[in-house]
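Numbering (this note's numbering), first residue to last: -4 to 90.
A short worksheet on the structure shown next.
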Amino acid sequence: MERRRCARRRALFERHFESVYRFFCNKVPRDADDLVQETFLECVGAKERFRQDASFRTFLFAIARKVLLKYRERWARATRARSSTPLGSPPSISR
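Below, the structure written as structure tokens:
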């Protein structure tokens, strides 16, 4: 049973990886790898919320969009903090 579940998850990952990766590369190429990983981790955590009335791709890209919005919020916060800190001590983006 567990082996079948892992095989299904792997198949979904392999089927959708390229399109999720392109989604992030078109928006934030420097951090695309991390955002793809975060998206798939969030997807595993949210599997109970997946409703069968939508396609899995729709579900996955809704998660990817939320991951992108969270990333942009973190980036904006870090940018604001950087502009208010003295030179030589840039803040790090916390996740």
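Each residue gets a CB set at the ideal place from its N, CA and C atoms; glycine is no exception.
Computed from a predicted structure; not experimentally measured.
DSSP three-state assignment for residue i, whether helix, strand or coil
| i | result |
| --- | --- |
| Asp28 | helix |
| Phe12 | helix |
| Val62 | helix |
| Arg(-1) | helix |
| Phe56 | helix |
Close Cβ partners of residue i (< 8 Å) along its chain, the five nearest in sequence each way excluded
| i | result |
| --- | --- |
| Lys22 | Leu63 |
Contact belief for residue i with residue j at Cβ below 8 Å, rounded distance in angstroms
| i | j | result |
| --- | --- | --- |
| Val15 | Ala59 | 6 Å |
Beta-carbon proximity check, residue i vs residue j, cutoff 8 Å
| i | j | result |
| --- | --- | --- |
| Leu30 | Phe12 | no |
| Leu7 | Phe45 | no |
Proximal residues to residue i (C-beta, below 7 Å), its chain only, five neighbours per side dropped
| i | result |
| --- | --- |
| Phe54 | Phe45 |
| Phe35 | Phe8 |
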